[in-house]
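Line by line, the protein sequences are chains A and B. Using the working numbering, read the first sequence as starting at -18 and increasing by one per residue. Using the working numbering, read the second sequence as starting at 32 and increasing by one per residue. Glycine residues also receive a C-beta, built at the ideal position from the N, C-alpha and C atoms. Owing to the predicted nature of the structure, the values given are computational and were not obtained by experimental measurement. In what follows, a single structure is set out as structure tokens and then discussed.
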Amino acid sequence: MHEMSIARSLVVQVIDLTRDQPGQSLSSVRVRVGELAGVEPQLLLAACEMLAEESAIANTRWEILSQPLLASCELCGETIEIRGFCFACNHCGSTSVRVTSGDAVILEQITMVAMQAAAEDRER
Amino acid sequence: MTQATHHPAERVIIVQRDVQQSARLVADVFRQAMRSRGTFVVNLLSSPGAGKTTLLQATAQHWRTEEARSDDRRYRMAVLVGDIATDRDAQRLAPYATVAQLTTGGACHLDLSLVQRGWDAMQQPACEFLFLENVGNLVCPAAHDLGEHLRVILLSTTEGDDKPAKYPKAFRTSQGMVISKTDLLPHVPFSCDAAVADARRLQPDLAVFPVSALQPTGIAAWCQYLVDQRTKFLNGHTINST
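Pasting the structure below:
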């Protein structure tokens, strides 16, 4: 269950980012999990929620989205989507392809809300 | 960088960062440091019981025999052995190599901080090869860069030839594959051709070594591959991953 160690890095990095935003509180985090990241999105979500609960960023909404596996063909230059983990170009058939995205866990964006607005929201 | 969304008080901050990026940078530093010392680092992945320790024993024995034949063929090896519990594998390897056991205490994979601690604990011995015997697992270790120069996956004939298709990341990120326990081929329904075809769909450049560490067969070719990869690497060739 290495999702826990990935979640730990995520939570630490998000907390670091929120430190640069005084007067703001974190409302949500969006993460993209590549198809070849070797990470199970559901487990990552559970781990993030659990770790965040005990941290400075409790009550954050975690959006864990998947990211398709894209590659660039070294022979014909086409950008291709790798389906079924078959690493071959569907234009020219070459097996010399370089993965360009979908092999990592990407911290895509965080959403901050002014603390006053956050307090008003809670009162409503 | 920043834009307003539906809620007027909300600000979206685009980050777009690989979560493991800083770990990768640390791994690059380790990789470079090991290169400067002339130590080639090999990360060995497999499921439990595929024969990682036995392969390393056979590798060390082979080099020992070669060394007895010729002085200029001396390959010293060090091994960091990852296991959830016990130091049994380290004990098995101790007669052949400088070895330290990394007990992960439940964690399913090695990470670089454990590797660095183990490397320091064995007092950074002068060696041509450092093997990182990962925790037996085809899932989690695949996602962790240990600062290795070469990643090799072991697939034993008793596991079934469908493993490459089932564990794409582990095979995609490896440069070499050892098919172990080939002495059992007459007794198990394992097709080397099917396993290799599936693995090469994931990693077309995969180098494949059928090996029986017990007989032993295929060990010389495997050892030569390691030596060649090390030489190529030290001469400036890069080894592709992912």
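query = Helix, strand or coil: which one does DSSP assign to B:Val219?
reply = coil
query = Under a CB-based cut-off of 7 Å, is A:Ile87 close to chain B?
reply = yes
message = For the structure I just gave you, are there three or more beta carbon pairs, one from the segment 196 to 205 of chain B and one from the segment 148 to 159 of chain B, closer than 8 Å?
response = Here the segment 196 to 205 of chain B makes no contact with the segment 148 to 159 of chain B; the two share fewer than three CB pairs at distances below 8 Å.
ask   = Ends of the alpha helix (DSSP H) at B:Gly149?
value = Leu143 to Ala152
task = Tell me, please, whether the CB atom of B:Ile44 is closer than 7 Å to any CB atom in chain A?
result = yes
request  = Assign A:Arg0 to one of two classes, buried (16 or more other C-beta atoms within 10 Å of its C-beta) or exposed (fewer than that).
outcome  = exposed
request  = Have a look at B:Leu237 and B:Val112 and give me their C-alpha separation to the nearest angstrom.
outcome  = Straight-line Cα distance between these residues: approximately 24 Å.
ask   = Is it buried or exposed for B:Asn168, if we count other Cβ within 10 angstroms and need 16 for buried?
value = buried
Under 9 Å (Cβ pairs) to chain A, residues found in the segment 48 to 61 of chain B = Arg48, Asp49, Val50, Gln51, Gln52, Ser53 and Ala54
ask   = With a cut-off of 8 Å, do at least 3 Cβ pairs link the segment 26 to 41 of chain A to the segment 59 to 71 of chain A?
value = Flag = no, the segment 26 to 41 of chain A and the segment 59 to 71 of chain A do not touch.
ask   = Which chain A residues sit within Cβ distance under 9 Å of B:Leu181?
value = Going along chain A, no residue has its Cβ under 9 Å from B:Leu181, so there is no contact; the nearest lies around 19 Å.
task = Would you mind sorting A:Ala100 into buried or exposed? The rule is 16 or more other CB atoms within 10 Å of its CB.
result = exposed
task = Check whether the Cβ of B:Glu164 lies closer than 7 Å to any Cβ atom in chain A.
result = For B:Glu164, no CB of chain A lies under 7 Å from its own CB, so it is not counted at the interface with that chain.
Interface positions of the segment 133 to 146 of chain B facing chain A (Cβ-Cβ less than 9 Å), listed along the chain = Ala138, Cys139, His140 and Asp142
query = Contact check, A:Glu44 vs A:Arg11 under 8 Å by CB: the rounded distance?
reply = 4 Å
query = Whose C-beta lies closer than 6 Å to the C-beta of B:Ala55 among residues of the same chain, with five residues either side of it excluded?
reply = A quick correction: the sequence has Arg, not Ala, at residue 55 of chain B. So the qualifying residues of the chain are Asp176.
task = Look at the alpha carbon of A:Ser109 and the alpha carbon of A:Leu50, and state the distance between them as a whole number of angstroms.
result = The first residue shown for chain A is -18 and the last is 105, placing residue 109 of chain A beyond what the model contains.
query = Per DSSP, B:Leu76 forms a beta bridge with which residues?
reply = Under DSSP, B:Leu76 shares a beta bridge with B:Ile184.
task = Please list the residues of the segment 194 to 209 of chain B that have a C-beta atom closer than 7 Å to any C-beta atom in chain A, keeping them in chain order.
result = Pro199, Lys200 and Arg203
key: the segment 171 to 188 of chain B / the segment 208 to 216 of chain B touching (three or more Cβ pairs under 8 Å)   = yes
task = Report the partner residues of B:Gly113 according to the DSSP bridge assignment.
result = The partner list for B:Gly113 (beta bridge, DSSP) reads B:Leu133.
task = Flag B:Glu41 as yes if its beta-carbon sits less than 7 Å from any beta-carbon of chain A, otherwise no.
result = yes
message = Tell me which residues of the segment 224 to 241 of chain B have at least one Cβ-Cβ distance to chain A shorter than 9 Å, keeping chain order.
response = Arg231, Arg232, Leu233, Gln234, Pro235 and Asp236
inquiry  = Determine, for A:Ser47, whether the minimum Cβ-Cβ distance to residues of chain B falls below 7 Å.
reply    = no
request  = Just the C-alpha distance for B:Ser77 and A:Gly4, rounded to the nearest angstrom, thanks.
outcome  = Computed Cα separation, rounded: 49 Å.
Own chain, CB closer than 7 Å to A:Cys29, minus 5 neighbours either side, in chain order = Ala(-12), Leu(-9), Val(-8) and Trp43
ask   = Distance, Cα to Cα, A:Ser75 vs B:Lys197?
value = Going from the Cα of A:Ser75 to the Cα of B:Lys197 covers about 23 Å.
key: In DSSP terms, what A:Gln48 is bridged to   = A:Gly15
query = Looking only at its own chain, which residues have a Cβ that is under 8 Å from the Cβ of B:Val73, when we skip the five neighbours before and after it?
reply = Within the same chain, Phe160, Leu161, Phe162, Leu163, Glu179, His180, Leu181, Arg182, Val183 and Leu257 come within 8 Å of B:Val73 by CB-CB distance, once the 5 residues on both sides are set aside.
query = Which chain B residues sit within Cβ distance under 8 Å of A:Val94?
reply = His38, Ala40, Glu41 and Arg42
Per-residue contacts from B:Cys158 into chain A (C-beta, under 8 Å) = Those do not exist, as B:Cys158 stays about 28 Å from chain A at its closest Cβ, beyond 8 Å.
request  = Mark B:Gln255 as exposed unless 16 or more other C-beta atoms lie within 10 angstroms of its C-beta, in which case mark it buried.
outcome  = exposed
query = Does the separation of the CB atoms of A:Cys70 and A:Val80 fall below 7 Å?
reply = no
message = Run through the DSSP bridge pairs and tell me what B:Met208 is partnered with.
response = B:Ile184 and B:Val239
ask   = Going by C-alpha distance, which of B:Arg42, B:Gly69 and B:Thr70 is nearest A:Ser8?
value = B:Arg42
query = What are the boundary residues of the alpha helix (DSSP H) that B:Gln155 is part of?
reply = Taken as a continuous stretch (DSSP letters only), B:Gln155 belongs to no alpha helix (DSSP H), as it is neither H nor E.
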